[in-house]
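In numbering that gives the first Met the number 0, the protein residues as written are 0 to 430. Ideal Cβ placement from N, Cα and C applies to all residues, glycine included. So the structure is just underneath, and the comments pick up after that.
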Amino acid sequence: MTATSERPAGLEAGRAAERAHERDFAALAERLEGEGFAADKLVAEVQGFEVALPSWAFATGGTRFGRFSGAGEPRTLREKMEDAAFVHGLTGAAPRISLHIPWDAAPNMDEVCSDARRLGIGFDAVNSNTFQDQPGQPLSYKLGSFSNPNAAIRRQAIEHHLHVIEVGKAVGSKALTVWLADGSNYPGQMSLRGSFDRVRECLQEVYAALPDDWRLFTEHKPYEPAFYATVVQDWGSSLLLAQSLGDRAQCLVDLGHHLPSVNIELIVARLLGVGKLGGFHFNDSKYGDDDLTAGSIKPYVLFLIFHELVLAGREELPGFDPAYMIDQSHNLKDPIEALLQTVDQLQQAYAKACLVDHAQLAEYQASGDVIMAERTLKQAYETDVRPLVAEARRRRGGALDPVLAFRASGYRAQKTAERPAAAPGGAPTHL
Ligand code: RM4
Ligand code: MN
Ligand code: MN
0 MTATSERPAG
10 LEAGRAAERA
20 HERDFAALAE
30 RLEGEGFAAD
40 KLVAEVQGFE
50 VALPSWAFAT
60 GGTRFGRFSG
70 AGEPRTLREK
80 MEDAAFVHGL
90 TGAAPRISLH
100 IPWDAAPNMD
110 EVCSDARRLG
120 IGFDAVNSNT
130 FQDQPGQPLS
140 YKLGSFSNPN
150 AAIRRQAIEH
160 HLHVIEVGKA
170 VGSKALTVWL
180 ADGSNYPGQM
190 SLRGSFDRVR
200 ECLQEVYAAL
210 PDDWRLFTEH
220 KPYEPAFYAT
230 VVQDWGSSLL
240 LAQSLGDRAQ
250 CLVDLGHHLP
260 SVNIELIVAR
270 LLGVGKLGGF
280 HFNDSKYGDD
290 DLTAGSIKPY
300 VLFLIFHELV
310 LAGREELPGF
320 DPAYMIDQSH
330 NLKDPIEALL
340 QTVDQLQQAY
350 AKACLVDHAQ
360 LAEYQASGDV
370 IMAERTLKQA
380 YETDVRPLVA
390 EARRRRGGAL
400 DPVLAFRASG
410 YRAQKTAERP
420 AAAPGGAPTH
430 L
């Protein structure tokens, strides 16, 4: 647990649940020891896994057809940070929040920092937003920001990014994530080469303004809102940008930003191989940028991605320092419950990846034993690691079962009383 002043309510699982956990963990530990693993070492590895929470995921998201908000949702950055601290208290694995500017604009950054200290949370990458026009903004991003043929619009977008860096500096962030909606809806609308060149030039200026210990993440996405040609549409475009910017520019992989059936773990491996894998936006997807709960649709893919990451970590690949972040929109679930479930799913995928016998796998690969190589992965994937993950949470002061602990805590009811309901409906908050 962190410096959170009070231990969250709901942490005390019933005695029966404690006993059941102890029994399950002992059985799993014995089995793993039999397979040559040190259970305590595995628990410690899982305890070391941390992921950042997105400030924009604490309120109900929406689609372009509507939004159905729930009770007690946060209305201010401080309230989002309170919710984040609660999620961290129950999971012990989410000690940072990622801000989105200007959605999280706050008049007094000193207050934001002192709230964060009081709540025991820190800040991960800051995100810019040139995909919407803000009230009072002089020039429109309707036809693009960094790619816009109009130099004054590009200048405005650059100034916004410089401002976002200042916000990040004030809270102690160490990275800027740039996702651009830039692109075209119709052939002929914009120059396919020229638009990319303009994006690169603008990013060069932003990169030059980064503090020395910061990284810049470029995030690709195949379509939406540009339905014909998105400028940074794929990992290749993202990599070209990162390579042309410099060492501290890396690519961010949002799991929902790939067309159906694209092999994401292969993309991860490619980026790892050239030291350009900067981080993740975790979520899951059936069709496109669906923003569903990580692990809810393709859990094996999530495991295979973590397998590449754990392997890269063990091999100490140069430049390997992935920023793990969540980017989801919770349209139906209570946002806090969805995030608790997400962190648990990520911990499970990570724990399973820690169980892969890499030496054995390499031998099977070298001898061309296809079945046994695949079985080595499946052996890890099919292990029920829930007791391991629960034990890791418990040792970090979190809950055995965060969702049940949240329900037992009365937190949502308390916040519903403290935070008068927002107006029903309204515009979607998430793209
Ligand atoms: C985009 C992308 C970005 C996020 C916005 C809100 O689809 O995933 O990471 O900042 O949505
Ligand atoms: Mn994203
Ligand atoms: Mn997205």
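Q: Can you check DSSP and say which residues form a bridge with residue 324?
A: Within the sequence shown, numbered from 1, the residue matching residue 324 stands at position 325. 51 and 280, per the DSSP bridge assignment.
Q) According to DSSP, is residue 263 helix, strand or coil? A) Translated into positions along the sequence shown, residue 263 becomes position 264. Residue 263: helix per DSSP, three-state reduction.
Q.
Runs of 4 residues minimum, wholly inside the segment 342-399: which ones carry the alpha helix (DSSP H) assignment?
A. 357-366, 369-380 and 385-394
Q. Nearest-angstrom Cα distance between residue 346 and residue 379?
A. Within the sequence shown, numbered from 1, the residue matching residue 346 stands at position 347. Within the sequence shown, numbered from 1, the residue matching residue 379 stands at position 380. If you take the alpha carbons of residue 346 and residue 379, they lie about 14 Å apart.
Q | residue 300 beta carbon less than 8 Å from that of residue 325 | A | Here the question's residue 325 lines up with position 326 in the sequence shown. Here the question's residue 300 lines up with position 301 in the sequence shown. Not closer than 8 Å, so no.
Q: Compare the Cα-Cα distances from residue 374 to each of 309, 389 and 362 and report the closest residue.
A: For this step, residue 374 is matched to residue 375 along the sequence shown. With distances taken between Cα atoms, residue 374 lies closest to 362.
Q: In angstroms with no decimal places, state the Cα-to-Cα distance between residue 146 and residue 238.
A: Counting from 1 along the sequence shown, the entry for residue 146 is found at position 147. Counting from 1 along the sequence shown, the entry for residue 238 is found at position 239. Rounded to the nearest angstrom, the two C-alpha atoms are 17 Å apart.
Q. Can you tell me the Cα-Cα spacing of residue 40 and residue 20, whole angstroms?
A. Residue 40 sits at position 41 when you count from the first residue of the sequence shown. Residue 20 sits at position 21 when you count from the first residue of the sequence shown. For residue 40 and residue 20, the distance between alpha carbons rounds to 18 Å.
Q | Nearest-angstrom beta carbon gap, residue 337 and residue 382 [assumed within contact, 8 Å] | A | Within the sequence shown, residue 382 is the residue found at index 383, counting from 1. Within the sequence shown, residue 337 is the residue found at index 338, counting from 1. Actually they are not in contact, since the Cβ atoms of residue 382 and residue 337 sit about 25 Å apart, beyond 8 Å.
Q.
Less than 8 Å between the C-beta atoms of residue 251 and residue 217, yes or no?
A. Your numbering for residue 251 matches position 252 in the sequence shown. Your numbering for residue 217 matches position 218 in the sequence shown. Yes, Cβ-Cβ distance for residue 251 and residue 217 is below 8 Å.
Q | Limits of the unbroken alpha helix (DSSP H) element including residue 164 | A | As a first step, residue 164 must be located in the sequence shown, where it is residue number 165. Element bounds for residue 164: 150-170.
Q. What whole-angstrom Cβ distance do residue 420 and residue 56 have, given they're in contact under 8 Å?
A. For the purposes of this step, residue 420 is taken as residue 421 along the sequence shown, with counting starting at 1. For the purposes of this step, residue 56 is taken as residue 57 along the sequence shown, with counting starting at 1. Their Cβ separation, rounded to whole angstroms, is 19 Å, which puts residue 420 and residue 56 out of contact at 8 Å.
Q: Give the straight-line distance between the Cα atoms of residue 417 and residue 74, rounded to the nearest whole angstrom.
A: Locating residue 417 in the sequence shown gives position 418, counting from the first residue. Locating residue 74 in the sequence shown gives position 75, counting from the first residue. Distance between the alpha carbons of residue 417 and residue 74 is about 11 Å.
Q. Regarding residue 178 and ligand 2, is the C-beta to nearest heavy atom distance less than 7 Å?
A. Residue 178 sits at position 179 when you count from the first residue of the sequence shown. Residue 178 Cβ: within cutoff of ligand 2.
Q. Which stretch, first to last residue, makes up the alpha helix (DSSP H) that contains residue 99?
A. If you number the sequence shown from 1, residue 99 lands on position 100. Residue 99 -> not in any alpha helix (DSSP H); beta strand (DSSP E) instead, spanning 95-99.
Q: Return yes when at least one heavy atom of ligand 2 lies under 7 Å from the C-beta of residue 280, else no.
A: The residue you call residue 280 lines up with position 281 of the sequence shown. Yes, ligand 2 has a heavy atom inside 7 Å of this Cβ.
Q) Is it the case that the CB of residue 132 approaches a heavy atom of ligand 1 more closely than 7 Å? A) For the purposes of this step, residue 132 is identified with residue 133 of the sequence shown, where counting begins at 1. Remark: the shortest separation between the CB of residue 132 and any heavy atom of ligand 1 does not fall under 7 Å.
Q) Taking the C-alpha atoms as reference points, what is the distance between residue 407 and residue 398? A) Against the sequence shown, residue 407 aligns to sequence position 408. Against the sequence shown, residue 398 aligns to sequence position 399. Each residue's alpha carbon lies about 11 Å from the other.
Q. Nearest to residue 138 by CA position, among 194, 243, 157 and 36, is which residue?
A. Indexing the sequence shown from 1 puts residue 138 at position 139. When only C-alpha atoms are compared, the closest one is 157.
**Q.** Cβ-heavy atom distance, residue 223 to ligand 2, below 7 Å
**A.** Residue numbering aside, residue 223 sits at position 224 when the sequence shown is read from its first letter. Outside the cutoff, so no.
Q. If we count Cβ pairs, one from each stretch, closer than 8 Å, do we get three or more for the segment 181-195 versus the segment 224-244?
A. yes
Q: Tell me whether residue 103 counts as near ligand 2, meaning its Cβ is closer than 7 Å to at least one heavy atom of that ligand.
A: Stepping through the sequence shown from its first residue, residue 103 is reached at position 104. For ligand 2, not one heavy atom lies less than 7 Å from the Cβ of residue 103.
Q. For residue 257, is the beta carbon positioned less than 7 Å from some heavy atom of ligand 3?
A. Start at 1 with the first residue of the sequence shown, and residue 257 comes out as number 258. Checking the Cβ of residue 257 against ligand 3 gives no.
Q. Does the beta-carbon of residue 413 have 16 or more other beta-carbons within 10 angstroms, so that it is buried, or is it exposed?
A. Along the sequence shown, one-based indexing puts residue 413 at 414. Exposed, because fewer than 16 other Cβ atoms sit within 10 Å of the Cβ of residue 413.
(Q) So, at 8 Å on beta carbons, what are the nonlocal neighbours of residue 161 in its own chain, with the 5 sequence-adjacent residues on each side left out? (A) As a first step, residue 161 is located in the sequence shown; it is residue number 162 there, counting from the start. Counting only Cβ-Cβ distances below 8 Å, and skipping sequence neighbours, we find 205 and 208.
Q | Spatial distance of residue 400 from residue 389 (CA atoms) | A | Along the sequence shown, read from residue 1 onward, the residue named residue 400 stands at position 401. Along the sequence shown, read from residue 1 onward, the residue named residue 389 stands at position 390. Answer to the nearest angstrom: the Cα atoms are 7 Å apart.
Q: Run through the segment 183-263 for me and flag every whole alpha helix (DSSP H) of 4 or more residues, listed as ranges in chain order.
A: 191-207 and 234-244
Q) In the structure shown, what three-state DSSP assignment does residue 312 receive? A) Working through the sequence shown from its first residue, we reach residue 312 at position 313. It is helical.
Q.
Could you tell me the alpha carbon to alpha carbon distance between residue 384 and residue 48, rounded to whole angstroms?
A. For the purposes of this step, residue 384 is taken as the residue at position 385 of the sequence shown. For the purposes of this step, residue 48 is taken as the residue at position 49 of the sequence shown. When rounded, the distance between both Cα atoms is 15 Å.
Q. Leaving out five residues before and five after residue 38 in sequence, what residues of the same chain have Cβ atoms less than 7 Å from its Cβ?
A. In the sequence shown, counting from the first residue as 1, residue 38 sits at position 39. Taken in chain order, the residues that qualify are 28, 31 and 32.
Q) Using a Cβ-Cβ cut-off of 8 Å (strictly less than) and excluding sequence neighbours within five positions of residue 339, which residues of its own chain qualify? A) The count along the sequence shown starts at 1 and reaches residue 339 at position 340. Excluding positions up to five away in sequence, the list reads 86, 89, 90, 401, 402 and 405.
**Q.** Bridge partner(s) assigned by DSSP for residue 102
**A.** The residue given as residue 102 occupies position 103 in the sequence shown. Its beta-bridge partners do not exist; DSSP assigns none.
Q. According to DSSP, which residues form a beta bridge with residue 126?
A. Counted from its first residue, the sequence shown places residue 126 at position 127. Residue 126 is bridged to 99 and 176.
Q.
ligand 3 and residue 290: does the residue's C-beta get closer than 7 Å to at least one heavy atom of that ligand?
A. Stepping through the sequence shown from its first residue, residue 290 is reached at position 291. It does: the Cβ of residue 290 is within 7 Å (strictly closer) of some heavy atom of ligand 3.
Q | For residue 80 and residue 17, the rounded distance between their alpha carbons | A | Against the sequence shown, residue 17 aligns to sequence position 18. Against the sequence shown, residue 80 aligns to sequence position 81. Cα to Cα, the separation comes out at about 30 Å.
Q.
Under 7 Å: does the beta carbon of residue 326 sit that close to some heavy atom of ligand 3?
A. As a working mapping, residue 326 is identified with position 327 in the sequence shown. Within the cutoff, so yes.
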